[in-house]
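The structure under discussion appears below in the form of structure tokens.
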Amino acid sequence: DMYKYMDKRFEDIDKRFEDMQKYMDKRFEDMHKYTDKRFEAMDKRFSMMFKFISLGFTVLAIIMVVFEFIA
625 DMYKYMDKRF
635 EDIDKRFEDM
645 QKYMDKRFED
655 MHKYTDKRFE
665 AMDKRFSMMF
675 KFISLGFTVL
685 AIIMVVFEFI
695 A
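Counting in the numbering used here, the sequence shown runs from 625 upward without gaps.
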């Protein structure tokens, strides 16, 4: 009887642990999806910024070269 009782207790604990694990996994997945979306949005913004910056540097370089030729 004692062993049966202990077995039952262990099973319950096991089940609870599994449920917790599933819950944690789900939470983690949701968090992951959310952060992925956030990162994608940030990525788009950053790529736009980088395009502008590189464009600005290119224009600046061209202007510098032109001024060198003029001067």
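Glycine is no exception: its CB is placed at the ideal position from the N, C-alpha and C atoms.
Predicted model only: the values in this text are computed from it and were never measured.
In the DSSP assignment, the alpha helix (DSSP H) including ASP649 goes from what residue to what residue?
ASP649 -> alpha helix (DSSP H) spans 626 to 694.
Rounded straight-line distance, which links the Cα of LYS650 to that of PHE634
Distance between the alpha carbons of PHE634 and LYS650 is about 24 Å.
Closer than 6 Å by C-beta to GLU664: which residues in its own chain qualify, once you throw out the five before and the five after it? Chain order, please.
Excluding sequence neighbours, GLU664 sits near nothing in its chain.
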